[in-house]
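Report on the structure given below.
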Amino acid sequence: SQQGEEDPQALSIQEGENATMNCSYKTSINNLQWYRQNSGRGLVHLILIRSNEREKHSGRLRVTLDTSKKSSSLLITASRAADTASYFCASGPPGYSTLTFGKGTMLLVSP
Amino acid sequence: EAQVTQNPRYLITVTGKKLTVTCSQNMNHEYMSWYRQDPGLGLRQIYYSMNVEVTDKGDVPEGYKVSRKEKRNFPLILESPSPNQTSLYFCASSLVGDRGYGYTFGSGTRLTVV
Chain A
2 SQQGEEDPQA LSIQEGENAT MNCSYKTSIN NLQWYRQNSG RGLVHLILIR
52 SNEREKHSGR LRVTLDTSKK SSSLLITASR AADTASYFCA SGPPGYSTLT
102 FGKGTMLLVS P
Chain B
131 EAQVTQNPRY LITVTGKKLT VTCSQNMNHE YMSWYRQDPG LGLRQIYYSM
181 NVEVTDKGDV PEGYKVSRKE KRNFPLILES PSPNQTSLYF CASSLVGDRG
231 YGYTFGSGTR LTVV
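As given, the protein sequences belong to chains A and B, one line each in that order. So the first sequence is numbered by my numbering: it starts at 2 and just counts up by one. So the second sequence is numbered by my numbering: it starts at 131 and just counts up by one.
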């Protein structure tokens, strides 16, 4: 079952610009997480936002959560070429540890 | 270093030849899970385990088996692999709790079944 869906599917920007990715989910959640995947490699956990939180920051990352709209956004500020990767949102229902991942947004940051 | 270790990294096998992909974590995590990743389909969960001797099916369990005899290990078994199981496989682990924890992923196993 597909819980999260990212938008857009692909995003191409220049270094220094901000990148915004969105995620929508279907059912109530315990928390929502964002992951990064460099080509063909394992996913790396970036940030977790709990259902009672609205915004969270970590370095150049800013995540928002709107539970009324069942949506989240990930903002990467001042993008770098090294940010080129696929970004996935993942969420799970309350009381469970299992996560369902979206299909991801491919971000290309050009020098 | 805290990590999830998968082996092998790459595997080419023939249809019907049983294989096992190993997964081991050194973080004392209760929860472990297997995913497969295919183009256009994203990550789909195969099996997961909440603790030793506790396993459950994910979204695409057909053709796979798992076992959790020890906390650190969670092998994925393909009894009779078929070409449609050609995929990139990931093992992941995390702590268990109501507030949720992030997953730590292995580096992946690229499996080709011919």
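We put the CB at the ideal spot given by N, CA and C, even for glycine.
Cβ distance (whole Å) where residue i is taken to contact residue j below 8 angstroms
i: A86 (chain A); j: L66 (chain A); result: Actually they are not in contact, since the Cβ atoms of A86 (chain A) and L66 (chain A) sit about 22 angstroms apart, beyond 8 angstroms.
i: G236 (chain B); j: C221 (chain B); result: 4 angstroms
i: L62 (chain A); j: L75 (chain A); result: 7 angstroms
i: T234 (chain B); j: S224 (chain B); result: 7 angstroms
i: E209 (chain B); j: V182 (chain B); result: The pair is not a contact, with the Cβ atoms about 22 angstroms apart (cut-off 8 angstroms).
i: E7 (chain A); j: F89 (chain A); result: 7 angstroms
For residue i, the three-state DSSP class (helix, strand or coil)
i: D168 (chain B); result: strand
i: N214 (chain B); result: helix
i: A83 (chain A); result: helix
i: K148 (chain B); result: coil
i: F102 (chain A); result: strand
i: M157 (chain B); result: coil
i: D189 (chain B); result: coil
i: Y194 (chain B); result: coil
i: S69 (chain A); result: coil
i: R240 (chain B); result: strand
i: L108 (chain A); result: strand
i: R37 (chain A); result: strand
i: I30 (chain A); result: coil
i: E18 (chain A); result: coil
i: L75 (chain A); result: strand
i: Q133 (chain B); result: coil
i: Y88 (chain A); result: strand
i: Y246 (chain B); result: The structure shown does not extend to residue 246 (chain B), since chain B spans only 131 to 244, so no value can be given for it.
Same chain, Cβ closer than 6 angstroms to residue i, neighbours up to 5 away in sequence not counted
i: I30 (chain A); result: S52 and S92
i: L44 (chain A); result: Y36 and Q38
i: N158 (chain B); result: none
i: P112 (chain A); result: E16 and A82
Proximal residues to residue i (C-beta, below 8 angstroms), its chain only, five neighbours per side dropped
i: L173 (chain B); result: Y165, R166, Q167 and F220
i: T216 (chain B); result: L241, T242 and V243
Own chain, CB closer than 7 angstroms to residue i, minus 5 neighbours either side, in chain order
i: E134 (chain B); result: Before going further, note that residue 134 (chain B) is Val rather than Glu in the sequence given. Around V134 (chain B): C153, Q155, C221, A222, S223, T234, F235 and G236.
i: T68 (chain A); result: S52
i: K187 (chain B); result: Y177
### Query
When Cβ atoms are compared, which residues of the region 37-63 of chain A fall closer than 8 angstroms to chain B?
G41, R42, G43, L44, V45, H46, L49 and R51
### Message
For the region 158-182 of chain B, list every residue whose C-beta sits within 9 angstroms of some C-beta in chain A, in sequence order.
### Response
E160, Y161, S163, Y165, Q167, G170, L171, G172, L173, R174, Q175, Y178 and M180
### Query
Between the region 13-22 of chain A and the region 69-82 of chain A, do three or more beta carbon pairs fall short of 8 angstroms?
yes
### At least three beta-carbon pairs within less than 8 angstroms, the region 158-173 of chain B to the region 139-150 of chain B
no
### Task
Note down, in chain order, all residues in the region 223-240 of chain B with a beta-carbon under 9 angstroms from any beta-carbon belonging to chain A.
S224, L225, V226, G227, D228, R229, G230, Y231, G232, Y233, T234, F235, G236, S237, G238 and R240
### Task
Check each residue of the region 24-35 of chain A: if its Cβ is closer than 7 angstroms to any Cβ of chain B, include it; give the result in chain order.
N31, N32 and Q34
### Query
Taking any Cβ of chain B, which residues in the region 95-110 of chain A have a Cβ under 8 angstroms from it, in chain order?
P95, G96, S98, T99, L100, T101, F102, G103, K104 and G105
### Query
Residues in the region 191-218 of chain B with C-beta within 9 angstroms of chain A's C-beta atoms, listed in sequence order?
L218
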